[in-house]
Structures are given as structure tokens and as C-alpha cells.
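Quick note, the sequences are listed as chains A and B, same order.
The first sequence begins at 2 in the working numbering and counts up one residue at a time.
The second sequence begins at 2 in the working numbering and counts up one residue at a time.
Protein chains: 2
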Amino acid sequence: MGRVTRKESHAQTRERLVETAHRLFLSDGYNATSLDKVAAEAGFSKGAVYSNFATKHELGLAVLDVLHLERAMSLAAAVRDAETAEERIEAFARWAEDNIGDVGWTALEVEFATSNRHVKGIDQALAGRRRELTAAVADLIEQQATDLGLTLPLPAEDAAVQLLSLGIGLGVQRAFDPELPVTSLVDLLRSLLDRSRPAE
Amino acid sequence: MGRVTRKESHAQTRERLVETAHRLFLSDGYNATSLDKVAAEAGFSKGAVYSNFATKHELGLAVLDVLHLERAMSLAAAVRDAETAEERIEAFARWAEDNIGDVGWTALEVEFATSNRHVKGIDQALAGRRRELTAAVADLIEQQATDLGLTLPLPAEDAAVQLLSLGIGLGVQRAFDPELPVTSLVDLLRSLLDRSRPAE
DNA sequence: GTCTATAAATCGATAGAC
DNA sequence: GTCTATCGATTTATAGAC
Numbered sequence: 002m003g004r005v006t007r008k009e010s011h012a013q014t015r016e017r018l019v020e021t022a023h024r025l026f027l028s029d030g031y032n033a034t035s036l037d038k039v040a041a042e043a044g045f046s047k048g049a050v051y052s053n054f055a056t057k058h059e060l061g062l063a064v065l066d067v068l069h070l071e072r073a074m075s076l077a078a079a080v081r082d083a084e085t086a087e088e089r090i091e092a093f094a095r096w097a098e099d100n101i102g103d104v105g106w107t108a109l110e111v112e113f114a115t116s117n118r119h120v121k122g123i124d125q126a127l128a129g130r131r132r133e134l135t136a137a138v139a140d141l142i143e144q145q146a147t148d149l150g151l152t153l154p155l156p157a158e159d160a161a162v163q164l165l166s167l168g169i170g171l172g173v174q175r176a177f178d179p180e181l182p183v184t185s186l187v188d189l190l191r192s193l194l195d196r197s198r199p200a201e
Numbered sequence: 002m003g004r005v006t007r008k009e010s011h012a013q014t015r016e017r018l019v020e021t022a023h024r025l026f027l028s029d030g031y032n033a034t035s036l037d038k039v040a041a042e043a044g045f046s047k048g049a050v051y052s053n054f055a056t057k058h059e060l061g062l063a064v065l066d067v068l069h070l071e072r073a074m075s076l077a078a079a080v081r082d083a084e085t086a087e088e089r090i091e092a093f094a095r096w097a098e099d100n101i102g103d104v105g106w107t108a109l110e111v112e113f114a115t116s117n118r119h120v121k122g123i124d125q126a127l128a129g130r131r132r133e134l135t136a137a138v139a140d141l142i143e144q145q146a147t148d149l150g151l152t153l154p155l156p157a158e159d160a161a162v163q164l165l166s167l168g169i170g171l172g173v174q175r176a177f178d179p180e181l182p183v184t185s186l187v188d189l190l191r192s193l194l195d196r197s198r199p200a201e
């Protein structure tokens, strides 16, 4: 009864495959990484991949989920301890420098999305993830505004779309031109803050 | 002497190949389009492709140049006849709706950039094009500000980076979720305008 | 459930005829 | 300069052994 060895080892295999794919996709790209290499580096063979994922796309989507969770958690953690508005902006600036500035992440998401945009079913999976992510960012923004006692100049959802889109655009361009600074993300946030009014 | 038939037919072949690649890359994607198909649909065989382009990447870059020229011209044309600030914003809004809303363009650029980001030399080619495009948009912004007698709240170059990045981010997300509206581009432009001051 | 072996298909790039 | 034919390398996905 104590040993659920069957299910557990299956889950462990799956997790190690996702971890390995996560690393390889980030460093070499999604298209350039073969399932053979993923399996080998994870210490398995390709059969293990196909017993855990029906297609390469499914593995890709699983990696995207890890990516989203990582970023959401790191962003929330980054602004958690900040108090004043200026402290929060500075915390966000540091997070942006470390995360948007870290080129691989956005490039992978975008490579996967655009390369498979005509694959049936993938677009819906990506659309669902996009909406979740946008809602999560919107929640975070709203929470920050409440904390600071501010009313935003536009709906939190719209602000989230702006910040996410700008981050994607910057990340994509930095993938081939890392000299492009990420400061405009902070500029956008600051302009949102400047145009906010005290909540009544 | 009047007939430069050799050079001309070569240039014509090249042009038709780029046109066909332009169309197929947009509809099916860069990775999913084989050079064989490009050649066949253009009425040539693959040999003609390789006598005009050393690699598939070169053809891809040629298509990106066409894309950039198209967008730059259509944007400049869209705002040309507008007079008041509000008219210009509305002209830009229509352009954004027709262009950023038209999913294929951004997705192609971004698919090419991210899929080949580790191919030696491609990143420099893309970085050069990015800077040209940013400079062109910055020029357009500066010209508009001068026309309206306004001083922008930030350097035109920074505003160009913001608008381009936001456009890329929106275009990418709309590639798999076309319900995402492009209104935040107009919001950003309007906020730039609202924060501008009359030039002395 | 995982491994080995292989199928099946694709595609970029090259060689040589015309 | 373009075409035909083909190479050569890869990769996704499957079939069957263990």
C-alpha cells in the first residue's frame, strides 16, 4: 500500500524528461532539439518519451507550463517585500533585468508558438495559457494598486496585456540583439503609476 | 546594347521567387515551407532557388526586407493625410487594426528570428534590420511631433522601441489568439501624446 | 513502461546535363 | 542560369522485444 511505485516512477520519468527538455529547449531552441537528444540526456530512450507524451508538441506545452510557473513565482517573489511605490518599481526593474534580459525564455515561448501556429489544436492550448497568464498578471497589478491605495488609469487587465506584450516584444528582439535595453518596461510601469490617482 | 537580358531575367527570377516565398511563408510559416514548394509555385525548380540564394536563410532575409518596406510605406501613407493630433491617432488606430491585427506578418518575422537565433550570422543580420526599423519609426514619430509642435515625454527612439515591441508582442499573441484586441497600441500612443508638452 | 530497431517521410543542399 | 536527379542527414513516430 505504501508503494505506489508504478505511478510514482512514471511520474518521475515524466518529470525528468520535462526538466531535460526545459534545459535543452532553452539553450538550443525547440525546433533544433530532437526528442532523441532529450531522451538520451535524461537517461532514457525515445520510447520513454512516447510513453509519456503523445507528440513533441505535448512535451513542448508541458515545458511552457513550467516556464510560466517559474516566472509567475519569481515575479511575485520579487515584489513581495517591497513597500513604497518606488521600492516596488525598483524590485520590478531588477526582476525585468534578470528575466526579460535573460533572452532564452521569451524566445522559446515565441518560437514554439509561431512554429506551431498552424498545427491543429495548439493555438487553443496556447490561447488558454495566454489568458491564464494575463489574468495572473492582472491580479498582481490589482493587488499592488490596492496595497498602495491607487486607482489605475486603465483596467488592470489592459495594463497586464501591455506589460506582457511589451515584455514579449523586448524578449524577442533581445534574442538576436541583446544590446537592446529592457528599460522601456520600467518606463511603461512608471507611466502607469504616474497616471494613477489616489483611490477614494 | 539595349538588352541586358541576362541580368534582367536573373533579377526577374529572383523577384518572383521572393514574391512566392513571401506569400507561402506568410500563409504556412517559414519552417513549414520547403524550398521545393517555393520553387514549384513560382514556376521554377529548386535549382533556380540555389542560383539566386545561397541558403534558405538568405531567401528568408530577402522576404523580411519586403515585409519591412511594405509596413514602413503603409504606415507612412496612413498618417500622411492626417492633420490634427486626433486625426493622426485615428489614422494610426486604423493602420494598427489592419496591420498588427493581420496576424501573419509579425508571426513570420518572429518565427524566423527565434528559429534561427543560433544560426551563425543571422543574429547580426536581424539586429541590423531591427535598428533600421527602429530608427525609421523614431524618425516618423519625431516628424509627427514637430508637425504638431509637441515635445515628447521621452526620446523618440525610446518611444519607437516601445511601440515596436508592443506591436510585436501583440502580433505574436494574436497569432494563436486573434481575439486579443490591438487597442493597447493606440492606448500607448495616446498616453505618449497626453504626456507631451507644447514645444517652446 | 521502457528499450531497440526501424519505418517513413522530409528537406536542404549538391552534381552534372543542357 | 536553370533543370533533373540524387545524396545525405535528420527526425518524428511506430512495432515488437523484454
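Cβ atoms here follow ideal geometry from the backbone N, Cα and C, with glycine treated the same way.
Predicted model, so just to flag it, every value in this text is computed and none were measured.
Any chain B beta carbon closer than 8 Å to residue i
i, result
"S52 of chain A", "no"
"N100 of chain A", "no"
"G61 of chain A", "no"
"V187 of chain A", "no"
"Q163 of chain A", "yes"
"L190 of chain A", "no"
"S197 of chain A", "no"
"A137 of chain A", "no"
"G122 of chain A", "no"
"Q174 of chain A", "yes"
"A97 of chain A", "no"
"A55 of chain A", "no"
"G168 of chain A", "yes"
Interface flag, residue i vs chain A, CB-CB below 8 Å
i, result
"S46 of chain B", "no"
"F177 of chain B", "yes"
"Q145 of chain B", "no"
"L171 of chain B", "yes"
"R24 of chain B", "no"
"D29 of chain B", "yes"
"D103 of chain B", "no"
Contacts around residue i, its chain only, beta-carbon distance under 7 Å, and the 5 residues preceding and following it disregarded
i, result
"T14 of chain B", "F45, A49, N53"
"V67 of chain A", "V19, H23"
"D195 of chain B", "none"
"E110 of chain B", "L65, L68"
"A73 of chain B", "A137"
"G150 of chain B", "P199, A200"
"L189 of chain A", "Q163, L164, L167"
"A86 of chain B", "L149, L194"
"I123 of chain A", "H58, N117"
"Y51 of chain B", "none"
Candidates the options, of which the one nearest residue i by Cα
i, options, result
"A94 of chain B", "B:S75, B:E110, B:W106", "B:S75"
"D148 of chain A", "A:P199, A:S28, A:S185", "A:P199"
"H98 of chain B", "B:V120, B:G168, B:D124", "In the sequence under discussion, the amino acid at residue 98 of chain B is Glu, which differs from the His named in the question. The candidate whose alpha carbon is nearest that of E98 of chain B is B:G168."
"P156 of chain B", "B:D124, B:V173, B:A136", "B:A136"
"H119 of chain B", "A:K47, A:G150, A:R17, A:A33", "A:A33"
"P179 of chain B", "A:A128, A:V173, A:A86, A:D178", "A:A128"
"K121 of chain B", "A:H11, A:A12, A:D29, A:R17", "A:D29"
"A114 of chain A", "A:G102, A:R131, A:N100, A:V104", "A:R131"
"V104 of chain A", "A:P182, A:S192, A:E16, A:A12", "A:P182"
"I90 of chain B", "B:K47, B:Q145, B:E133", "B:Q145"
"E133 of chain A", "A:A83, A:L70, A:P154", "A:L70"
"T184 of chain A", "A:E84, A:I101, A:R17", "A:I101"
Contact set for residue i: own chain, Cβ-Cβ below 8 Å, skip 5 residues either direction
i, result
"G170 of chain B", "none"
"A77 of chain B", "L141"
"A83 of chain A", "R89, E91, A92"
"W106 of chain B", "L27, L68, R72, N100, G172"
"W96 of chain B", "S75, L76, A79, V80"
Distance between residue j and residue i (C-alpha atoms, nearest Å)
i, j, result
"V138 of chain B", "S166 of chain B", "12 Å"
"K57 of chain B", "L36 of chain B", "7 Å"
"E9 of chain A", "A108 of chain A", "33 Å"
"D140 of chain B", "E88 of chain B", "19 Å"
"A160 of chain A", "A79 of chain A", "19 Å"
"R175 of chain B", "E42 of chain A", "35 Å"
"G172 of chain B", "F177 of chain A", "18 Å"
"R81 of chain A", "L60 of chain A", "32 Å"
"L186 of chain B", "S192 of chain A", "15 Å"
"Y31 of chain B", "E112 of chain B", "7 Å"
"R17 of chain A", "A55 of chain A", "16 Å"
"S197 of chain B", "L25 of chain B", "42 Å"
"K47 of chain A", "T152 of chain A", "53 Å"
"P154 of chain A", "A12 of chain A", "46 Å"
Close-in-space but distant-in-sequence residues of the same chain around residue i (CB under 6 Å, 5 per side omitted)
i, result
"E143 of chain B", "A157"
"T21 of chain A", "V39, E42, A43"
"L62 of chain B", "A126"
Item checked: Positions along the segment 107-118 of chain B whose CB lies within less than 7 Å of some CB in chain A -> A108, V111, E112, A114, T115, S116, R118
Check: Any residues in the segment 80-94 of chain A with a beta carbon nearer than 9 Å to a beta carbon of chain B? Which ones, in chain order?
Finding: Of all residues in the segment 80-94 of chain A, none has a Cβ within less than 9 Å of some Cβ in chain B.
Next item on the list: Anything in the segment 63-79 of chain B with a Cβ closer than 8 Å to a Cβ of chain A? List those residues in chain order, please.
Entry: Contact residues of the segment 63-79 of chain B toward chain A are absent (C-beta to C-beta distance below 8 Å).
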